[in-house]
Amino acid sequence: MKRFLTICFCFGLFLGWSFAIGQEKNGPIIILDPGHGGLDYGAVGVNGVREKDIVLAVGKEVLRLNKELYGNQLNIYLTRYSDTLIWLGHRAKLAKALRANLFVSIHCNQATRKKHKVLKSLYNIPT
Numbered sequence: 028m029k030r031f032l033t034i035c036f037c038f039g040l041f042l043g044w045s046f047a048i049g050q051e052k053n054g055p056i057i058i059l060d061p062g063h064g065g066l067d068y069g070a071v072g073v074n075g076v077r078e079k080d081i082v083l084a085v086g087k088e089v090l091r092l093n094k095e096l097y098g099n100q101l102n103i104y105l106t107r108y109s110d111t112l113i114w115l116g117h118r119a120k121l122a123k124a125l126r127a128n129l130f131v132s133i134h135c136n137q138a139t140r141k142k143h144k145v146l147k148s149l150y151n152i153p154t
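Oh and the sequence shown: position 104 is 131 in the working numbering, straight run, nothing missing.
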């Protein structure tokens, strides 16, 4: 749990640092996409912890940190706020409708060996 909260805190600081400099209160629109949901559990840990629950908690924690630390100065939205399955196409439509400046898909993949500790970031460069 301590590691989870540390990750959430660091993620929140990263967002604040990245966008607070030189931005007005009506700054960029950020969409956080907690992966999976509903019947799609994503990865399941050895203790039965489901990825869909962890990533939703991370998204909600970032919202809480934005409110508590930055007074909701960052425009952050989630693609889902509860345990529901949202089709990928609808997630993309939401990003386009809100004219998002940043779309972050949150996942926590599983590894079969304890020594595997990987952070993966994917990004798209507009052409």
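Even glycine gets a Cβ: it sits at the ideal position worked out from N, Cα and C.
Is residue i buried or exposed, if buried means 16 or more other CB atoms sit within 10 Å of its CB?
| i | result |
| --- | --- |
| G64 | buried |
| G116 | exposed |
| K57 | Residue 57 is actually Ile in this sequence, not Lys. Its Cβ being crowded by 16 or more others within 10 Å, I57 is buried. |
| D60 | buried |
Pull up the DSSP beta-bridge partners for residue i, would you.
| i | result |
| --- | --- |
| L59 | L105 and V131 |
| V71 | R77 |
According to DSSP, simplified to helix, strand and coil, what is residue i?
| i | result |
| --- | --- |
| D80 | helix |
| G54 | coil |
| G64 | strand |
| H117 | helix |
| N151 | coil |
| K142 | coil |
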